[in-house]
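Note sheet for the following structure.
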Amino acid sequence: MRYLPLTATDRQDMLSVIGATSIDDLFIDVPAEARLAEKIAGLPDHASELAVERHMGRLAAKNLSAGAAPFFLGAGAYKHHVPASVDHLIQRGEFLTAYTPYQPEIAQGTLQVLFEFQTQVARLLGCDVANASMYDGSTACWEAIGMARRITKRGKALLSSGLHPHYVSVANTMAKFTGDALVHEAPTLDAATDIDALIGAIDKDTSCVVVQYPDILGRIADLTPLADAAHAAGALLVAVVTEPVALGAIKAPGAMGADIVVGEGQSIGVGLQFGGPYLGLFACKQKYVRQMPGRLCGETLDAAGKRGFVLTLSTREQHIRREKATSNICTNSGLCALAFSIHMTLLGEAGLRELAMLNHGLAVQAADRLAQVPGVKLVNDSFFNEFTLVLAKDARDVVRNLADKGILGGVSLGRLFPDATAIGNGLVVAVTETVTAEDIEILAKALEEELA
Amino acid sequence: MTMLKEGRPTAPVPVKEAHMAPQTATGNRALMLEEALIFEIGSTATTGVDFAPAPQVASRLGTLARTDSIGLPGLSEQETVRHYTRLSRQNYAIDLGLFPLGSCTMKHNPRLNEKVARMPGFGDIHPLQPQSTVQGALAVIDELAHWLITLTGMHAVAMSPKAGAHGELCGLLAIRSALEARGDARSVVLVPESAHGTNPATAAFCGYKVEDIPATPEGRVDLAALKARLGPDVAAVMITNPNTCGLFEREMKTISDAVHAAGAFVYCDGANFNAIVGRVRPGDLGVDAMHINLHKTFSTPHGGGGPGSGPVVLSQALAPFAPLPFVEKQGDQFVLIEEETAGDHHAGTFGRMVAFHGQMGMFTRALTYILSHGADGLRQVAEDAVLNANYILRSLDDVLDAPFGFSGPCMHEALFSDKGLAEGFTTLDIAKGLIDEGFHPMTMYFPLVVHGAMLVEPTETESKAALDQFIMALRSLAQRAKAGDEALKGAPYHAPRRRLDETLAARKPVLTWSELDLAQAAE
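In order, the protein sequence lines correspond to chains A and Z. Quick note, in our numbering, the first sequence goes up one by one and the last residue is 452. Quick note, in our numbering, the second sequence goes up one by one and the last residue is 1523.
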């Protein structure tokens, strides 16, 4: 077998050194009734590289890949062009096959990347500090709610109706067990966000207000009044960013007063991959750093006085604090953080701004074109690269019919909010730099046919 | 003009005396290259990406256009490639050599897995595409689920947890849901002293009080103490098997039976499944829930600390409470059961744990790995992993204290302690010495039940020659530490950095780069 180097002679020689006669001797601690005498039945035996590649290739071919269709899906995962050098570099074995940098003298590569990543994320989100990553945006969002509870010692979180419904679901799951009270309603198809309603709902029990920016319908609102209202009541503002490319065009949540900013970093450097692995971004104000979950990398000196980097403030973490840790997280999303950081370095500020304005320009063109289709109404006044249309019929059917024509036309609100029948005609459309003028025209024509 | 008569020297001049290598002007040492931070070498005006011009449109950004400087430096493509290539060379990795980090299962990462994960049909599909367009992806999840269920002898599997600790959370939430469903509020989770820190952290997160179970002198769960503590307040017992001392819990079935008799559930930390895959099915030992670290047993790359993937296999009693979403086969179609359809199919679910469907990129890699090995190969994996660990244990137990070596064979990892080292010499010194010898150190100071623990997990993908070289190096270091060789305390000497000051890092945390710090440093 190609991955197993021991020969039969090696095995025999090694058993002799050990003082065992057969491999079974090494499994004597397994209770006899649980010892399997033979390989497990009903499963195939080992296969050649060619055979496995062929099998997996057949399964892959059954999927319609985003690059093979006019593609307009977003709602928390975005198709962006990833430069070729990003994937080349993350496949360097020294990055790909390294572990968590617990031995910093021989992990400076990973550690310096994490330090640079933390700085990039903090600056992008407009915060003082960022950690070395979480699993994804949804789990980072929940961790932020927990962190706000620890800081304020209050247990009621107000979730904006514009927060991604899957993020809400994750928070609801966790809150059932932690006892947090979560307040949330489904969105309405209005041009304005629910910021005013949230401001009105803040009270002395509120630990935090969680608001997505841009929100699930693509709307953008100034968070400053919400931050002020939260702070006046002793609560925190948690902002959630699922499309970080937007922050090349619009103000950072941290700059508008958000105390904790979390996000999904997939959009920069990490492919769609059917939902994972993705990259949780987590940043906050300096004064809250010791309540943060997850790994942190910090600068220090070595015994010879040279600058170096180590994992630090680990007294927050499970391997030191055990049941008193700020989170149970251990493994994070290191390789995705590397991809994000490389892509961001390639872009630089100038490239990021250019990419953001390209997205916005194409999205404006698409929104204006699609709004001309009879039976289509644009919800948004403001948006970055994603907006919501109201169709003359249930968007779920439309999306499925478009897919049958080889067009991936958007995400229906019916799929995202199955219980909110009032918004079932809503369709969320994302337009990135990968969308062409021709794609927009194809979608417009297809919608015309669907809604005729 | 004079001609050089002797030409270019073709053989080195013999070095007559040892002397210190002189400092270089750059700080570089030939192939060992120092690399500044992107903030020091890049500029906000530089970019390594070209775009088509943006359409000229009236902005819809409202009043929120970002006008401040963000402070993100860019590099050209070549500078970027060079920056990260240079940094990569400051890392140790499995691709460079043996990486015996106990409990982490650092095995070879086959490159076919990378190739498959990047097929456009897997790498370039959106999690919310209509299900008719992702039948192949759902088939991968279903096929991998079938393997995991069959290999573990369990009833069902929750695929969405993102890593091992997230899987623990999934298992404990299922347990708590099952207890609540029968109106049985329980408050305590028992965890052995030797457990991974994630176990107590997870239990506490789920609202449970955590109590330790002591270990026997043989490094196993103290069955009598456990039985004595079981009662109507105990919700679950979390056990790692094989445990973190590298030993199989011989009494596992008895433990499970006792736990079940007390109305509680058995959570098994499956971090060490590599030792028993194909030889033992945890379902036969009475386990109710176990996470499987795909990044350990099934070789998805560790990537410098993630991403991982932690599917959780479940017993019949816990399966009804599994999280959303999951894949179901209906006729010849695969269906993703989400909130929209859960009511009819899966009413007991405790809900959603992640935004989408789990670590698809890890599923494709793990399935590729599993199909490459097959049922016969996976059994061989466990056998060779255990053989390699025992070979290390018995090749070194004359120079290093093996606290449980007397009790019989180990499983996939060999545990040593710092007993017998010269006064003032520690596990840390041996670990740092290994760095100079060209190896990644073993896990150190874990498990906590052994003083100065050194936990060595070679994995099955190491050859005998590689093991022999590692044994030779560790033997030499053990002898130096016992002899009190002071030079060892300065190790490593040959790594990109000498020992780093972690106290300084924690006392004055510098977590992001800033121009201010640079200015202060220059003063």
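Cβ coordinates follow ideal geometry from the N, Cα and C atoms, glycine included.
Nearest candidate by alpha-carbon position, reference residue i, set the options
i: A304(A); options: Q1023(Z), K1005(Z), M1003(Z) and G1007(Z); result: Q1023(Z)
i: P1496(Z); options: G1343(Z), E1034(Z), G1007(Z) and T1026(Z); result: E1034(Z)
i: A1203(Z); options: A181(A), A157(A) and R322(A); result: R322(A)
i: V1335(Z); options: S1132(Z), I1038(Z), N1028(Z) and A1045(Z); result: S1132(Z)
i: V1266(Z); options: T1240(Z), R1250(Z), A1275(Z) and I1276(Z); result: T1240(Z)
i: S65(A); options: A186(A), A75(A) and K79(A); result: K79(A)
i: D381(A); options: I220(A), Q266(A) and I106(A); result: I220(A)
i: G426(A); options: G57(A), A395(A), E449(A) and F417(A); result: A395(A)
i: V210(A); options: F27(A), R149(A), A140(A) and A157(A); result: A157(A)
i: F1439(Z); options: E105(A), L159(A) and G146(A); result: E105(A)
i: F1321(Z); options: M1290(Z), E1486(Z), G1348(Z) and Y1084(Z); result: G1348(Z)
i: T1080(Z); options: S1069(Z), N1109(Z) and G1042(Z); result: G1042(Z)
i: C141(A); options: N172(A), V129(A), A122(A) and T152(A); result: N172(A)
Proximity test, Cβ basis, 8 Å: residue i and chain A
i: Y1084(Z); result: yes
i: N1272(Z); result: no
i: Q1330(Z); result: no
i: K1162(Z); result: yes
i: F1356(Z); result: yes
i: K1419(Z); result: no
i: F1298(Z); result: no
i: A1201(Z); result: yes
i: D1398(Z); result: no
i: R1089(Z); result: yes
i: V1510(Z); result: yes
i: D1095(Z); result: yes
i: M1472(Z); result: no
i: C1104(Z); result: yes
i: A1522(Z); result: Residue placement at A1522(Z) is poorly supported in this model, since its pLDDT is 49, which falls under 50; the coordinates are not used for a value here.
Residue-chain proximity (residue i, chain Z), Cβ-Cβ < 8 Å
i: E438(A); result: no
i: M1(A); result: yes
i: K39(A); result: yes
i: Y135(A); result: yes
i: Q212(A); result: no
i: Q108(A); result: yes
i: C330(A); result: yes
i: M147(A); result: no
i: T21(A); result: no
i: L346(A); result: yes
i: Y99(A); result: yes
Status (buried if at least 16 other CB within 10 Å, exposed otherwise) for residue i
i: D1332(Z); result: exposed
i: H88(A); result: exposed
i: E318(A); result: The identity of residue 318(A) in the sequence shown is Gln, whereas the question assumes Glu. With 16 or more Cβ atoms within 10 Å of its Cβ, Q318(A) is classed as buried.
i: Y167(A); result: buried
i: L447(A); result: buried
i: E1523(Z); result: Since pLDDT at E1523(Z) reaches only 49, below the 50 mark, its modelled position is unreliable, and the value read off the structure follows with that caveat. Label assigned to E1523(Z): exposed.
i: S16(A); result: exposed
i: K1162(Z); result: buried
i: T432(A); result: buried
i: Y1493(Z); result: exposed
i: G1007(Z); result: exposed
i: I23(A); result: buried
i: L96(A); result: buried
i: P1311(Z); result: buried
i: F1406(Z); result: exposed
i: N1113(Z); result: buried
*Would you check if the segment 1355-1362 of chain Z and the segment 1146-1153 of chain Z touch, i.e. whether three or more CB-CB distances between them fall below 8 Å?*
no
*Check whether the segment 36-46 of chain A touches the segment 1339-1354 of chain Z, taking contact to mean three or more Cβ pairs, one atom from each stretch, closer than 8 Å.*
no
*Output the residue ranges of the beta strand (DSSP E) runs that lie fully inside the segment 293-360 of chain A and measure 3 residues or longer, sorted by chain position.*
297-301 and 307-311
*Indicate whether the contact test is met: 3 or more Cβ pairs, each with one atom in the segment 1412-1426 of chain Z and one in the segment 1475-1484 of chain Z, closer than 8 Å.*
yes
_At 3 residues or longer, what runs of the beta strand (DSSP E) sit wholly inside the segment 140-172 of chain A?_
Qualifying beta strand (DSSP E) stretches, in chain order: 156-159.
*Should the segment 1362-1375 of chain Z be regarded as contacting the segment 1291-1298 of chain Z, the criterion being three or more beta carbon pairs within less than 8 Å?*
yes
*If you pair each beta-carbon of the segment 1039-1048 of chain Z with each one of the segment 344-356 of chain A, do three or more pairs fall below 8 Å?*
yes
*Three or more beta-carbon pairs under 8 Å between the segment 56-74 of chain A and the segment 1276-1285 of chain Z, yes or no?*
no
*Evaluate contact between the segment 322-335 of chain A and the segment 134-151 of chain A, counting only Cβ atoms and requiring at least three cross-stretch pairs below 8 Å.*
yes
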